[in-house]
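Just below is one structure, and these are the notes that go with it.
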Amino acid sequence: MKLGKFTTKNQKETYDLGFRFADELKPGNVVALFGDLGAGKTEFIKGICAYFKVDELVNSPTFTIMNQYIGELDENEIPILHIDLYRIKKSSELKEIGFDEIIFSNDSIKLVEWADKAFGVLPPDTYSINISFKKNNENERIITID
Ligand SMILES: Nc1ncnc2c1ncn2[C@@H]1O[C@H](COP(=O)(O)OP(=O)(O)OP(=O)(O)O)[C@@H](O)[C@H]1O
Ligand SMILES: [Mg+2]
């Protein structure tokens, strides 16, 4: 899929965009998601997880910080880590959850909501997904994929 700027008109279109984007992803990749509360970060992630045939329930791990799912890629299992940094207040808290090691692990795909709280520890080749609301329409989103 080509990276760039997209507009989605509803939840399903954001999910589908995540699904189509997912064919870019390989073990070790990090996807950082930026956007306010209710922007659609989790919806995009649900699409990614569907591409990898995750059958667990995919939800914002807001209280647990991290969920792990088992996905499928070329008939192999691939761990998918869904991390939500919403509750992180300072970089020492990232250390406590072992974020630095997790984010550089080579065997899993890592999806990070509220990535602006990662305090600069994301690898340089991280994909970034920015979701913003469009004025005058509560269901439209502008999504840039870099
Ligand atoms: N174009 C759209 N794309 C995605 N979600 C949309 C869209 N239009 C409306 N919605 C609604 O916006 C909400 C997005 O919720 P979602 O949980 O994905 O947001 P989030 O960015 O993960 O928020 P949080 O920061 O709370 O985790 C859903 O209720 C969804 O139905
Ligand atoms: Mg979310």
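Under our numbering, the first residue of the sequence shown is numbered 290, with each subsequent residue one higher.
A virtual CB, placed ideally from N, CA and C, is assigned to each residue, including glycine.
All figures in this text were calculated on a predicted structure; none of them were measured in a lab.
Check your understanding: In chain order, what residues of the same chain lie with their CB nearer than 8 Å to the CB of Asp312, ignoring the 5 residues before and after it?
Key -> Only Met290 and Tyr340 meet the Cβ criterion.
Exercise for review: Please list, in chain order, all residues of the same chain as Asn243 whose beta carbon is under 6 Å from its beta carbon, the five residues on each side excluded.
Suggested key: The shown model of the chain, from 290 to 435, leaves out residue 243, and the question about it has no answer.
Practice item. To the nearest angstrom, report how far apart Asn425 and Asn299 are at their CA atoms. Key: About 14 Å.
Check your understanding: Where does Ser380 sit, in a helix, a strand or coil, going by DSSP?
Key -> In the structure shown, the three-state DSSP call for Ser380 is helix.
Exercise for review: Give the secondary structure of Phe308 by DSSP, where H, G and I count as helix, E and B as strand, and everything else as coil.
Suggested key: Assigned with DSSP and collapsed to three states, Phe308 falls in helix.
Exercise for review: Kindly confirm or deny that the segment 303-312 and the segment 328-347 touch, where touching means at least three C-beta pairs closer than 8 Å.
Suggested key: The segment 303-312 and the segment 328-347 touch, with no fewer than 3 CB-CB distances between them shorter than 8 Å.
Check your understanding: With Asp373 and Pro350 assumed to form a contact (beta carbons below 8 Å), what rounded beta-carbon distance in angstroms separates them?
Key -> Confirmed, Cβ separation roughly 5 Å.
Review point. Skipping 5 residues on each side, what residues in its chain have a beta carbon closer than 8 Å to that of Lys423?
Key: Non-local beta-carbon contacts of Lys423 in its own chain, meaning distances under 8 Å to residues more than five positions away in sequence, involve Thr296, Glu429, Arg430 and Ile431 in chain order.
**Study point:** Between the CA atoms of Glu361 and Arg376 - distance to the nearest angstrom
**Key:** Going by the C-alpha atoms only, they are around 30 Å apart.
Check your understanding: Which runs of the alpha helix (DSSP H) spanning at least 4 residues fall entirely within the segment 343-370, listed in chain order?
Key -> Within the segment 343-370, no complete alpha helix (DSSP H) run reaches 4 residues.
Practice item. Look at the Cβ atom of Asn318, then the Cβ atom of Tyr416, and state whether they are nearer than 8 Å. Key: Inclusion of Asn318 and Tyr416 in the CB contact set at 8 Å is warranted, their separation being smaller than that value.
**Study point:** Gly307 CB to nearest heavy atom of ligand 1 below 7 Å
**Key:** Not one heavy atom of ligand 1 falls within 7 Å of the beta-carbon of Gly307.
Review point. Taking 7 Å as the line, does the beta carbon of Thr353 fall inside it for any heavy atom of ligand 2?
Key: Checking the Cβ of Thr353 against ligand 2 gives no.
Review point. Do you know whose CA, among Phe388, Ile369, Lys301 and Glu366, lies nearest Phe408's CA?
Key: Taking the Cα of Phe408 as reference, the smallest distance to any Cα among Phe388, Ile369, Lys301 and Glu366 is reached at Phe388.
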